[in-house]
Each structure stands twice: as C-alpha cells, then as structure tokens.
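Residue numbers (this note's numbering): 32 to 215.
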C-alpha cells in the first residue's frame, strides 16, 4: 500500500507567505517598542488629545465586528462572516494607525503610581501587550489562508486567532478606561 506524503508548505506557496507575515509582524512589533520606549515624543502637549478615546472606540468596534463575524460563521453565513471580519480588520488597522500617532506625539502614558488598581492594571496591560504581539501574525496568517482559499488551514488557525484577537480588542478598551479613571 502506497501513501501519499502531504505537500510541504514551500511547494504550496504557504511557507514564503508565512515567513513574510512573520517578518512584517516582527518589524512592526520592534518599531512599536522603539516608538514607545526609545523614541522621544514630539512636543505637542495637548494636541490630538482625542486619540486615546478614538483608539478605545476602534478597539471596541473591532470586538463587536469579531463577535458578529463569529455569529455569522456559526450560522454558516460565509459572506456576512467575511464582511464582518474584514470590518474588524479595518477597525484594528485604524486603531493601529491612531496608536502609532498617539505614541509618536505623546509618548508612553503611565498609570499613576499610587492610584487604585495599579497592580491589576499592569497585569492586564502586560497580558494585552504580549497577546497583541502574538495576535498580529495570527490575524495576518488567518486572513492569508482565507483570502487564498485555504479554508481548512484558515479554520485551524482561526480557532486560535479569534479568542486572542477578541481578548486584545476588549482589554484595549478596559485598560483605556482604567487609565482614564485613575487619572481622574
């Protein structure tokens, strides 16, 4: 009896695409860390003070679109699912642009040292940041599999991507609210 070996990722074109996604994700992550922790913020004081609130709204809208997309796929409404997921991706992309702009202009915003709930905030923020770094390549790989018609692979990766992406979107809103309440 002869068995057929599974085709490698390199022969199907998946390997180079995933390598490119990982490289782009790593570069984006390194850029953000440089922007937030090394690069000095521009001296714009109160300019564009609306950006954190806008970013929280965009994160919240992304979470809503993700939940709607999940509901659609459970109902086998593929087209509506795809539209919802693209909408979530657009909201997350707009969030990222706003996040970069805010940190380029204002730098890092720290939780007040003696404010209530500082420890829970820092734990939540740490999990948010770590999982955002993990979620970025997963989101891009999931989209790549979907848009290239590799639906079985899309389903396998989406099982991990969905909860991570949702967690990152929701905790982005929660950390924003906690920080604003602590600042008074």
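Glycine included, C-beta positions come from ideal geometry on N, C-alpha and C.
All values reported here derive from a predicted model rather than from experimental measurement.
DSSP places residue 81 in the coil class of the three-state scheme, outside both helix and strand.
Residue 192 places its beta carbon 9 angstroms or farther from that of residue 164.
If the five residues before and after residue 147 are omitted, its C-beta is found closer than 8 angstroms to the C-beta atoms of 213, all from its own chain and listed in chain order. Look at the beta carbons and you see the region 173-186 not touching the region 141-159: under three pairs across the two are nearer than 8 angstroms. Taking 9 angstroms as the cut-off, the Cβ atoms of residue 144 and residue 198 do not count as close.
According to the DSSP assignment, residue 111 belongs to the alpha helix (DSSP H) that extends over 109-137. Of all alpha-carbon atoms in 181, 202, 188, the one lying nearest the alpha-carbon of residue 160 is that of 202. If you ignore the 5 residues before and after residue 79, its C-beta comes within less than 6 angstroms of the C-beta of 136, all in its own chain and listed in chain order.
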